[in-house]
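Protein sequences, first through last, are from chains A and B.
Take any residue in the first sequence, count from 1 to its spot, add 16: that is its number in the numbering used here.
Take any residue in the second sequence, count from 1 to its spot, add 56: that is its number in the numbering used here.
No residue lacks a Cβ here, since even glycine has one placed at the ideal position from N, Cα and C.
Only a predicted model underlies this, so the values are computations on that prediction, with no experimental measurement involved.
Take a look at the structure below.
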Amino acid sequence: MPPSIPASSSTELAPAHAVPALVIRRRGTVRAVLARPSGRAGAALLVVTLALALVAPLVVSGDPFALSGTPLEAPSRGHPMGTDALGRDLLAGVVHGGRASLLIATAVMLVAVGCGGAIGLFAGIRGGMADDVLGRGIELFQVLPRLFLVAVVVALFGPGVDRLVLTLGLTSWPAIARVVRGEVIATRGLDFVLASRALGASRTHVATRVLLPAVMPSLLVMVGLLFGQVLLTEASLGFLGLGDPTILSWGVLVGASQGFLRTAWWLTVFPGLAITVAILAFNLLADALSSVLGGR
Amino acid sequence: MSRRYLVRRLLQVIPTVLGIVLVGFALVHLAPGDPVLAVAGEHGDAAYYAFMRHRFGLDQPLPRQLVTFLGRVASGDLGFSWVQGRSTWALIGERIPATLLLGTASLLVALAVALPLGVAAARRPNSARDATIGAVALLLFSAPAFWLAQLLILGVSVGTGLFPVQGMSTAGSDLSGVPHVLDVARHLALPALALAAQELAVLVRLTRSGLIDELERDHIRTARAKGASERAVLLRHAFPRALLPVLTVLGARIGHLLAGAVVVEVVFGWPGAGRLLLTALETRDIPVLLGLFFIVSVTVVGANLATDLAHAAVDPRVQLD
């Protein structure tokens, strides 16, 4: 455990910090991940998810908000997932909702990896005072309870996808920063880093071309786990009606089903299944990668 | 635990708590519109606004306001709900017991199920049993709590009618004593189960990996060499030490647990802080939302602190640089 960050902020699922800072050939890693059952299952589920969210909107015709049948119609050939209380096709909703959920999660991850990567690298390389200050910052943003923070933001600023992405991104980067910082501290004294310094490489070169690739494997594990977490949070927010009211997402669909639990099981089962499959895909891949890299 | 560690760890809490209050302050002031609207509501007249502006120091320069704000929050003054006109503390306070009951029950369920499963998985790593337990844990970890809650209602309650699906006790009933406790327990069962799923998954995985790590250590070899039975090795020598990371992470997950409680409470109509969050949101009751945000944040900080101190108390190697 790197110093100055308390033990309580240790990783929550996979012990990513146990991953040795090995630089593994990329193709070998991909093959090794796919050689594991969890890796194969994760890849397959990810393909299903992406196909559902990216390709299917082109195939499943039309507007998810359009009326296309009688209300609360059970799954049938015409409506494989049934229809909702207004007679809208649920399949169209799940497909379009998936695209929204995945796009929002991807945007959040870009913010998180950008901030977390930069701050983690900086703290790890500089050490000393800078590290102490950033360490406190990491801890602060890590304890901010996302859901409750988003509730305050939505009440003050109104709902919207921009503030949703920013709030989730700004509360997600500490996980990335911690992993990057820890790995940099573990790596910065190793021979290949010292060698590159001795050869006169600039600080930026050492940071981006030498340290960053070494950090990459653990970073990817964390990115996979965090992607799942962000999808979960985004779904919870949609469920509670804290998302953008103009965007249909998986969580919104499950939230809308709450009043019809006894009459229309399909309204909750299919969107919930879609969320679970997507999150499971990322968790499985993160798991497989972590065990390839020597974690447990 | 050294005194130095204790003092340093306690001091670390200060900037974090200050930062949390600062985030709340910044949000109120960055929001569009006059901040007085955020503390006094949108339905006051000019005189009331002037009074509130003065009372909350909003007529002062910004740094001065920050100091006032910090002072108020530090002294536990979280303002008044716009909608209900009652103190935020009282409103949140009366919801805490229900959430606490739900959270504690689900943690107990999670521990009771996860620890034996984790031990069973670690006994033969990579066996079929280990793989099955791992797969189920990952599935539970991936399923959103609100969905599991709805599935439980669909599968258990609608099918069998065994468990009630709304509220904390039977409406209109006038039970007390043991029948009341049983009634609440019946209402508690499904929400606690739904909320337990994710914690359970995390605990299974931690117990398993902690045990496997522990079983590779020298003191285990010594115990085996001394002829301890495999059962004693596992349960008496390895298990207690493997619990340490489990407890650490348990403390760090309090935030997740509370967020999960919010959605589970909404599904089951459980009268806790999560339901309060949703009502406050519908009426844009900023003081209540800010109050919940502060209280939950400080709870998370407190849980982290408690975990670290407990960790340091049993493991002398723990220290800050």
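Beta-carbon spacing of Gly85/A, Thr99/A below 7 Å: yes
Beta carbon proximity, Ser198/B to chain A, threshold 7 Å: yes
Check whether Val308/A and Ala48/A have beta carbons under 7 Å apart: yes
Near the ligand SAH: Val166/A beta-carbon under 6 Å from a heavy atom: With respect to small molecules bound, the structure shown includes none, and the ligand SAH cannot be examined in it.
Span separating the alpha-carbon of Leu167/B from that of Phe243/A: 26 Å
Residues near Pro190/A in its chain [Cβ-Cβ closer than 6 Å; skip 5 each side]: Ile154, Phe157 and Gln158
Residue span of the alpha helix (DSSP H) that contains Leu114/B, given as start and end: Neither: Leu114/B is in no alpha helix (DSSP H) and is coded neither H nor E.
Span separating the alpha-carbon of Leu137/A from that of Arg194/A: 9 Å
Three or more C-beta pairs below 8 Å linking the region 339–352 of chain B and the region 139–150 of chain B: yes
Ile291/A: contacting residues in chain B (beta-carbon distance under 9 Å): Ser198, Ala199, Pro200 and Trp203
Glu270/B and Ala294/B closer than 7 Å at C-beta: yes
CB-CB length for Phe286/A against Leu106/A, believed under 8 Å: 6 Å
Buried versus exposed, by CB contacts within 10 Å (16 or more), Val234/B: exposed
Contacts of Ala315/B in chain A (Cβ-Cβ under 9 Å): Pro161, Arg162, Leu163, Phe164, Thr249 and Ser252
Residues, ordered as in the chain, of the region 349–370 of chain B that lie near chain A by beta-carbon distance below 7 Å: Phe349, Val352, Ser353, Val356, Val357, Asn360, Thr363, Asp364 and His367
Stretch pair the region 174–187 of chain A + the region 205–216 of chain A: three plus CB contacts closer than 8 Å: no
Cross-chain neighbours of Thr284/A in chain B, by beta carbon under 8 Å: Trp203, Gln206, Leu207 and Leu210
For Thr99/A, the three-state DSSP class (helix, strand or coil): strand
Candidates Ser252/A, Leu289/A, Leu150/A and Phe276/A, of which the one nearest Pro87/A by Cα: Phe276/A
Neighbour flag for Thr72/B against chain A, beta carbons, 7 Å: yes
contact_flag[the region 315–323 of chain B, the region 356–365 of chain B] where n(CB pairs < 8 Å) is 3 or more: no
Touch test, the region 255–266 of chain B against the region 206–225 of chain B, Cβ-Cβ under 8 Å, three pairs minimum: no
Length of the line joining the Cα atoms of Val175/B and Arg264/B: 6 Å
Min CB distance Val260/B to chain A below 7 Å: no
Rounded C-alpha distance that separates Val354/B from Ser137/B: 20 Å
Cα-Cα separation, His312/B to Gly216/A: 46 Å
Residues sharing a beta bridge with Asp105/A, DSSP: Thr99/A
Coarse secondary structure for Phe219/B, derived from DSSP in three states: coil
Contacts that Glu155/A makes with chain B (C-beta to C-beta distance below 9 Å): Gln68, Pro71, Thr72, Gly75, Val357 and Asn360
Contacts of Arg340/B in chain A (Cβ-Cβ under 7 Å): Ala171
Runs of alpha helix (DSSP H) wholly within the region 174–220 of chain A (minimum 4 residues, chain order): 177–203 and 207–214
7 Å Cβ cut-off: residues of chain B touching Gly244/A: Ser198
Cβ of Gly288/A within 7 Å of any chain B Cβ: yes
Whole-angstrom distance between Gln206/B and Ser225/B, CA atom to CA atom: 19 Å
Proximal residues of chain B, C-beta to C-beta of Arg152/A below 8 Å: Gln68, Pro71, Thr72 and Gly75
As assigned by DSSP and simplified to three states, the class of Thr292/A: helix
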